[in-house]
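The block underneath contains the structure these notes are about, expressed in structure tokens.
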Amino acid sequence: MAAAGGGGGLCCNPHRRRHHRHRFFFCYPHQSSLGWCSPRSIKISPVITNKDALSSSCNSLTCSTTSLPLPPPPSPGFWPSMGEAGSTTSTSERECQGARLERLWQQFFLDPSQWWDKRFDKRNRRFPDFIHKTAKKALWIDNMFNPPWVHAKIAAMVQCQEQRQFFFSKPEISGKVVRMEQLWQEFFSDPSQWWDNKLIKKSPKYPDFKHKSTHEGLWIENWLNPSWVEAKIATMTLGQTQSADGSRSRVADSFDNDDIVSKLCQDGRLKDALHIVELMVQQNTQLPINTYVGLLKGCARRKALAEGKRVHALIIQSGLDSGIFLGNTLVNMYAKCGSLWDARKVFSTLPEHNVFSWTAIISAYADGGQGEEAINLFRQMQQTGITPDRVAFVVVLKACARIAALEEGRQLHSKIIRSGFESDVSIGIALVDMYAKCGCIEHARLVFDNTHERNVVSWNVMITGYVQQGRGKEALDLYEKMKQEGLQPNSVTYVVLLNACANIAALEQGKHLHYHVIKYGFESDVILENTLVDMYSKCGSIEQARRVFNNMYKRNVVSWNALIAGYEQQGLGKEALALYEEMKQEGLQPNNVTYVVLLNACASIAALEQGKQLHSHIIRSGFELDVIVSSALVDMYAKCGSVEHARQVFNSMHERNVVSWNAMIAGYAQQGLGKEALALYGQMKREDVQPNNVTYVVLLNSCASFAALEQGKQLHSHIIKSGIGLDVNVWNALVDMYAKCGSLECACRVFNNMHKRDVVSWNAMIAGYAQQGFGKEAITLLEQMQREGKKPDEATYVGVLCACSHSGLVNEGRCLFDSMRKNHGVTPTVEHYACMVDLLGRAAYLADAEEFINKMPIQPDVVIWTTLLGAARKHGHVEIGRRAFDCVVKLEPDNTAAHVLLLNIYATAGRRKEVAKIRKEMKDIGVRKMPGCS
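Counted from 1, the sequence shown has number 258 at position 259 by numbering that gives the first Met the number 0; the numbering is strictly sequential.
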């Protein structure tokens, strides 16, 4: 049960009770049906949790002989879902409580000086309005059990000047009353000196009127107000209506409506401001243009197109001439709200165009993603003889950056120099941004270095340019230079730099930046914290990412997405799915990015069942129409081996882009269904969907997997016709396809015609030579690769060693193996050791191969011992074959290939007893020889 803890009130409202034993809490007088009495006089019952039992317990509470009887419990409708639990108290108890309150109020009005007036000191309605100075009895003006005459009596006391002075006995209260009367007299003598905040006040705490210079406030509903204020306010309200001759009264004119509308717009209350303006227009009140301009600017800031159109309609209704100033504001509003058609329509109806008009419409097209049209409008502006100003140049440079129009940007740069704006900070920033986004980072740095005045935005743009071009090291170096020049980075700087660290996996630099983020007080910025989680995840420090995530004061869906993506990128798909469950428990709604990352996690660990559950969540959330989410579903089902489900999702998609087609084609290719992949490619072309680089890479890999040379040649011709053959990944896939299909001549021709070759290109060609047994050609290609300054990697040496093995080049292979670590810094892996064992084994150097294995610095695996076993079988070496077999079965006791190889070794050597013994071992452990295998 709950009760009052101080001041003497008992609350039986079940919605306010707290389950603490023997405790009482105050509640509002009008919410309690038990009145107010001292807690010391109440016999407390133990805690009761049942509502009906609580009601009967409340009725059973009794007061001591010194206390007054309890009032009745609340009416039947007071407790929700309580039935008739509160209708059992007798009428006599109600009358007793009313009589008690009536006696107290009579004592108060006989001598108010014996009572403390707490109305102006109370913090909330729980505290009493009046407290007796000696008896400590309390009274509340709004108590529902007060006699009906109390409010009238108090009002009469306030109106009587003598009793007012007696009623407000405190000196500070009487001073307030006098000052309040003076302020009201000043207000009514000249209302124009006061702000009228009645319509814009957000809560009753704010004054209704505020003096423009002294900032003193007045409240209409205030106990301290003189008695004549209410009538005066009513007269003033009537005076705001129009007179018989249509003119407004002086009182009405004294209120500055334009200021009210302006303040509402600043507070973001567009609908309220618009409502006031609509009422004024209906009353044929002529408003100044600035009122409409303020409204339109507010709509532009909030991107409130509907409200902006209503303001436009009011302008037309009021008969205002859409001059150049108002017209430019309309164009800007429509542009900022994304309505290009309306902006262009208003622009075309303007009687004349100045540089502001042209800048507004150019900005509309630039922000709307139509950079070419923005540049054309800029040319038209110049053809009309209007000279661009600083803002116009900034806007058109932004348009060039959006569409990567480098030539137009260079022409603008020369015009800017001729116009004398090259030293302007904002134009310098726009030029750096344009050159960087057009991929010309050197020119961007040149403009940046030649800028006389640079602020933090200039540095941020230049750093961002380096990051966008994948040059994270230069971005971090520029940050150090920025600090050396004494410029303080802001949150945007750190966001960009952390992205740079994430791109180049610079964990130490990222930790250093994290320290500065905390040092300069940016750790509470949710965007920065999200970027920190992303940086640590991409740098492989998932524990640190989780630590930052757990310490975040506020987490949004982007925060969860960053950490889930971090787990997925590190191959921790189960942890990513577990984090998704935590996210749901916190009541956060996933977005399309969340589902895409989770589907990728399911695909990486082949979690088909969890993927199906996510599919159902996506349908319930309404994201199944999102083309990105649907494409991720296709990819997930395909990678989990359920190509049929992938095709069902693909066929049900309302909209399919090239990513969707690539996901389905890749699904077929990954499952070895090359013919289906090529058939889907044909359907893709029939539906006029343009393939991209990824499409051709996937298809070429599919052709290579089942040696479809003719289809690969057809794809080659399609690539040439499409004009995207300059992509190095496509060329690499072509070389690999021709090599694996056995057409080394075509592979060499494609390789030699490549304008740009990376390590993958050389590896593909070397692997092609290795497959065909051209060891010397592979070694020659490796030497050519080194001469051209390309550093071989692990895959390069795997290919070359395989080529030596197939060609029997033992000495060359040994030299290459020794030099890869000594001269080129490539540490040998298990694959390299397996290649060397194969090289020695093929050349019948079985003893050398076994010795090589025993001297390996790493533990040999099954592949290495099986390779030696295969060489022993080829050359009929029984002892080495037996030792290799023992090592294989120690690692994998049920290895079928090892048993079959040893069986063949014994059979070739004519050892029938050992053959029978091996057959019995195979039968005992359940190993069966595959039919057709020897």
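Built from N, CA and C at the ideal position, the CB exists for glycine as well.
Boundaries of the beta strand (DSSP E) harbouring I130: F129 to H131, taken from the DSSP string.
Counting the other Cβ atoms within 10 Å of the Cβ of W340 gives fewer than 16, which makes it exposed. Inter-segment contact for the segment 274 to 286 and the segment 298 to 307 is absent: fewer than three beta-carbon pairs are separated by less than 8 Å. Assignment of alpha helix (DSSP H) within the segment 263 to 317, counting only whole runs of 4 or more residues, yields 269 to 281, 288 to 301 and 304 to 316 in chain order. In the structure shown, H515 adopts helical secondary structure according to DSSP, grouped into three states. In the DSSP assignment, L217 forms a beta bridge with F208. If you look at D195, you'll find it in the beta strand (DSSP E) that goes W193 to D195.
Here the C-alpha atom of A600 lies approximately 5 Å from the C-alpha atom of G572.
Annotated as distal: V596 and S630, with beta-carbon spacing of 8 Å or more. The segment 597 to 660 is shown to contain whole alpha helix (DSSP H) runs of 4 or more residues at 607 to 620, 626 to 638 and 642 to 651, in chain order.
Classified as buried, F186 has 16 or more neighbouring CB atoms from the shown chains inside 10 Å of its CB.
The Cβ atoms of H614 and L632 lie closer than 8 Å to each other. When the Cα atoms are used, A602 and S641 turn out to be separated by approximately 11 Å. Under DSSP, D116 forms a beta bridge with F129. Separation of the CB atoms of S806 and G774 is rounded to 3 Å, and the pair is thereby assigned contact status at 8 Å. When the five nearest sequence neighbours on each side are left out, the beta carbons in the same chain lying within less than 6 Å of the beta carbon of A400 are those of D432, M433 and K436, in order along the chain. Sixteen is the threshold: when 16 or more other Cβ atoms of the shown chains lie within 10 Å of the Cβ of A746, as they do, the residue is buried. Put simply, the segment 323 to 336 touches the segment 357 to 371. At least three CB pairs are less than 8 Å apart.
Per DSSP, the beta bridge partners of A137 are I130.
By the Cβ neighbour-count rule, R99 is buried, with 16 or more other Cβ atoms within 10 Å of its own.
Per DSSP, G869 is one residue of the alpha helix (DSSP H) stretching across V861 to H874. The continuous stretches of alpha helix (DSSP H) do not include D189, and DSSP gives it neither H nor E.
Selection N691, S536 and Y667 evaluated against S704 yields Y667 as nearest (Cα-Cα). Per DSSP, the continuous alpha helix (DSSP H) segment holding N502 begins and ends at S490 to I503. Spanning the alpha carbons of H214 and L273 requires a straight line of approximately 27 Å.
F108 is the residue among V455, P488, V456 and F108 whose C-alpha sits nearest the C-alpha of A151. The beta carbon of K789 sits closer than 7 Å to the beta carbons of V758 and W761 from its chain, once the five residues preceding and following it are set aside; these are given in chain order. Within the same chain, Cβ atoms closer than 6 Å to the Cβ of A665 are found at V697, the five residues on either side in sequence being excluded.
Between the segment 186 to 197 and the segment 139 to 149, the count of Cβ pairs shorter than 8 Å is below three; the stretches do not touch. Y796 sits close to M819, with the two beta carbons spaced by under 8 Å. Between V395 and R268, the alpha-carbon positions lie close to 33 Å from each other. Pairing S742 with L780 gives a Cβ-Cβ distance that is not under 8 Å. Secondary structure of A915 (DSSP, three-state): helix.
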